[in-house]
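Novice:
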DNA sequence: TCGCTTGCCGAAACCGGTTTCGGTAGCCAG
DNA sequence: CTGGCTACCGAAACCGGTTTCGGCAAGCGA
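Residue numbers (the numbering used here), protein chains in the order written: chain P, -7 to 312; chain U, -7 to 312.
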């Protein structure tokens, strides 16, 4: 069954077919004692990351489990609170051979998990990219592309003064999305006003505060691009508090595609991310990584899907 | 190390201390080949259950993983879409010895998972109770108690015409919560009007529809008790659509303690459930169940915590 | 002093696989 | 007819534990 070279293909097939007929599968933990492999992927969740969890987790898990299940592998989930605890969790999982490799959600700028696993020589895949790509396989959504398109869309509607509310700068995605925004502005021949750039808004409250700062400027923006949907929903509040109307007085574009956005009034125009298929891709990539495929084959990206809903509109004509 | 009777305690301790010093722990999959036990708990998620997931999952997982981790066990997560798929998933996990027992979230009225595992003689614990308790260990929140207290609270504010919007009737909790509501009404000497009883509202949309039916009656209720927070938020919409005000014209009490409730306007008065500690308790109970403790020691309940916020008020004086 | 019990230890079998290795049969070329 | 190669098979060692069992030494009562 294990593909030795001196057995003809015909016989291998015969044996495999019989195994299937008897629905026999070697017990993974029995193989593990000789091979050290459990056919199991590890996922360490960090619940300190408040934002990362809520809508994201269920879909992501659905994808991961369906991906692992399809290959006959398993997903082992652990959690950690603090930073030190996290390292310890990885170590224990590894020492006990509970996981052959790890999925790392939410790549960070200088990701301590990457350092740890790279040094330990343990296979892993990132949801998100890494500047220092050595040893890194990943799947990611092209957030920079989405931000660029967001600007283009707004420019197409006549907007020229456009604000940007970025997400958490400790994450790898923040730099990319800001780059995308700047590139979009540049392509449209617009300059970026530093007063219209906000950082680190990952919750509704963060977004409301950041948007308030933008809207209270002498010449406020007519449109705001948000790197994170929650921030966009916060911007809704800031707009409403100023007796303005989203989509008419201020256009807003988000990113993530959270369900709350679709149900907001007006429905949030956003770039929707398919977290389930991200999970599926990541488990596939990690399994292939563990099997030893070269890194360069294990880097995939996909595009977010533009959901053109009600929160953007033509630039308002100055009425005063 | 495995507690044989002819070894003195002193020696056992000596060995264990040395093991700790060398930070040695037997590989669970090596033991598994002799004992059949992996020291791993199984969790099969059903993503068809849209509602069950969103806010609930992250906290619940946090609790489960922290509970398993504390005992040196692991959590193995799998998922299923359909019903047949689910049975198959359990079978595979069992056959491959991937889990020694299962946590079953969201107990249902006639739970197919319970039948399956009971027949197979596999340990499991429920989040929720079961009428046919044979073979069942569980942890549950006393929803009936909460609903009873909700009625008492409203009666204390002068309400006498109180509606009830129940959750999904396929779940075990629905009957309990309805019982609690009825008991509360009875204790207050109030009769239950069947026209004020709605069933199966688990989403905001469901809740809005159910509340609309209640509010459009000839003599609408002055207060509504909802078995599920999402339904309560739906009721907010129905109230607003009728140009009434929650907490002044109509009092609303929910159950679950979802974060959206706390941020609603007015903040939702509700009975808050600690899903994280539920997860912790469940993993503890399941591990003890696997170790062979008698069932009767493995049934725990806790109370929901009343969060008296802004969505209730004294019964409005009829102004017309 | 003898025999029995108690506490401990080491050897060996086993769990369910993987991997190595020596042997055998059949086939073909020399 | 012989030698070598290919395809296959069975035996054996090993992985890291658990469990059983026989043996040994010390302590104790008779």
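By construction, the Cβ of each residue, glycine as well, lies at the ideal position given by its N, Cα and C atoms.
With DSSP run on the structure shown, which of helix, strand or coil describes residue 105 of chain U?
Specialist: Three-state result, residue 105 of chain U: helix.
Novice: Name the DSSP beta bridge partners of residue 65 of chain P, please?
Specialist: Answer by DSSP bridge pairing: none, since residue 65 of chain P is not bridged.
Novice: Based on DSSP bridge pairs, tell me the residues matched to residue 242 of chain U.
Specialist: In DSSP, residue 242 of chain U forms a bridge with U:238.
Novice: Quick check: the Cα distance between residue 192 of chain P and residue 188 of chain U, rounded to an integer number of angstroms?
Specialist: Their Cα atoms are separated by approximately 47 Å.
Novice: Comparing the C-beta of residue 237 of chain P with each C-beta of chain U, is any distance below 8 Å?
Specialist: No, because no Cβ of chain U sits closer than 8 Å to the Cβ of residue 237 of chain P.
Novice: Out of curiosity, what's the CA-to-CA distance linking residue 246 of chain U and residue 51 of chain U?
Specialist: Their Cα atoms are separated by approximately 19 Å.
Novice: Along the chain, where does the alpha helix (DSSP H) containing residue 275 of chain U start, and where does it finish?
Specialist: Residues 267 to 282.
Novice: At the 8 Å Cβ level, is residue 24 of chain U part of the contact set with chain P, yes or no?
Specialist: Yes, residue 24 of chain U counts as interfacial toward chain P.
Novice: Any idea if residue 14 of chain U is buried or exposed, counting beta-carbon neighbours within 10 angstroms, 16 or more meaning buried?
Specialist: Exposed, by the Cβ-count rule.
Novice: In this structure, does DSSP put residue 247 of chain P in helix, strand or coil?
Specialist: Strand, per DSSP.
Novice: Within the same chain, show all residues whose beta-carbon is closer than 6 Å to that of residue 244 of chain P, passing over the 5 residues directly before and after it, in chain order.
Specialist: Counting only Cβ-Cβ distances below 6 Å, and skipping sequence neighbours, we find 216, 224, 227, 238, 303.
Novice: Please give me, in chain order, every unbroken run of the alpha helix (DSSP H) with length at least 4 that falls completely inside the stretch 141 to 217 of chain U.
Specialist: Qualifying alpha helix (DSSP H) stretches, in chain order: 164 to 179, 196 to 207.
Novice: Assuming residue 38 of chain U and residue 100 of chain U form a contact by the criterion Cβ under 8 Å, report the distance between their Cβ atoms to the nearest whole angstrom.
Specialist: Actually they do not touch by this definition, with Cβ atoms about 10 Å apart.
Novice: Can residue 290 of chain P and residue 281 of chain P be called in contact, C-beta distance under 8 Å?
Specialist: Yes. Within cutoff.
Novice: Please report whether the beta-carbon of residue 274 of chain U lies at a distance below 8 Å from any beta-carbon of chain P.
Specialist: Not one chain P Cβ lies under 8 Å of residue 274 of chain U.
Novice: Using a Cβ-Cβ cutoff of less than 6 Å, which residues in the same chain neighbour residue 249 of chain P once the five nearest sequence positions on both sides are dropped?
Specialist: 262, 264, 265, listed in sequence order.
Novice: In three-state DSSP terms, what is residue 294 of chain U?
Specialist: If DSSP states are grouped into helix, strand and coil, residue 294 of chain U belongs with the strands.
Novice: Give a yes or no on whether the minimum CB-CB distance between residue 17 of chain P and chain U is below 8 Å.
Specialist: It does: the Cβ of residue 17 of chain P has a partner Cβ on chain U nearer than 8 Å.
Novice: Output, in chain order, the set of chain P residues within a Cβ distance shorter than 7 Å of residue 69 of chain U.
Specialist: In chain order: 53, 57, 67, 69.
Novice: Nearest CA to the CA of residue 219 of chain P: which residue from P:232, P:196, P:268?
Specialist: Of P:232, P:196, P:268, the residue nearest in Cα terms is P:196.
Novice: Here's a check: name, in chain order, each residue in its chain whose Cβ is nearer than 7 Å to the Cβ of residue 72 of chain P, leaving out the five neighbours to either side.
Specialist: Contacts found: 36, 38, 78, 81.
Novice: For a minimum of 3 consecutive residues, which ranges assigned as the beta strand (DSSP E) are wholly contained in the stretch -5 to 45 of chain P?
Specialist: DSSP runs (the beta strand (DSSP E)) wholly in the stretch -5 to 45 of chain P: 32 to 38.
Novice: Would you check if the distance between the CB atom of residue 70 of chain U and the CB atom of residue 61 of chain P is smaller than 8 Å?
Specialist: For residue 70 of chain U and residue 61 of chain P, yes; Cβs fall inside 8 Å.
Novice: Could you check the C-alpha separation between residue 43 of chain P and residue 257 of chain U for me, to the nearest Å?
Specialist: Reliability of the predicted coordinates at residue 43 of chain P is poor, the pLDDT of 49 falling under 50, and the value obtained from them is presented with this limitation in mind. Between residue 43 of chain P and residue 257 of chain U, the C-alpha separation is close to 22 Å.
Novice: Since residue 132 of chain U sits in a beta bridge, which residues does DSSP pair it with?
Specialist: U:293.
Novice: At the level of alpha carbons, what is the spacing between residue 113 of chain U and residue 301 of chain P?
Specialist: Approximately 52 Å, taken between the alpha carbons.
Novice: Where do the ends of the beta strand (DSSP E) carrying residue 96 of chain U lie?
Specialist: Its beta strand (DSSP E) spans residues 93 to 96.
Novice: Relative to the C-alpha of residue 68 of chain U, which residue among U:138, U:84, U:48 is closest?
Specialist: Checking every option, the nearest Cα to that of residue 68 of chain U belongs to U:84.
Novice: Hey, is residue 37 of chain P's beta-carbon within less than 8 Å of any beta-carbon in chain U?
Specialist: So yes, residue 37 of chain P belongs to the interface.
Novice: Pick helix, strand or coil for residue 309 of chain P, following the three-state DSSP scheme.
Specialist: In the structure shown, residue 309 of chain P sits in coil (DSSP, three-state: anything other than H, G, I, E or B).
Novice: Under the three-state reduction of DSSP, which class applies to residue 256 of chain P: helix, strand or coil?
Specialist: Three-state result, residue 256 of chain P: coil.
Novice: Going by DSSP, which residues form a beta bridge with residue 262 of chain U?
Specialist: Paired residues: U:246, U:299.
Novice: Distance cutoff 8 Å, beta carbons only. Does residue 61 of chain P sit that close to anything in chain U?
Specialist: It does; some Cβ of chain U falls within 8 Å.
Novice: Does any C-beta atom of chain U lie closer than 8 Å to the C-beta of residue 50 of chain P?
Specialist: Yes, residue 50 of chain P counts as interfacial toward chain U.
Novice: Considering Cα atoms alone, identify which of U:172, U:125, U:0 is closest to residue 140 of chain U.
Specialist: When each option's Cα is compared against that of residue 140 of chain U, the closest is U:172.
Novice: Does the Cβ-Cβ distance between residue 134 of chain P and residue 295 of chain P come in under 8 Å?
Specialist: For residue 134 of chain P and residue 295 of chain P, yes; Cβs fall inside 8 Å.
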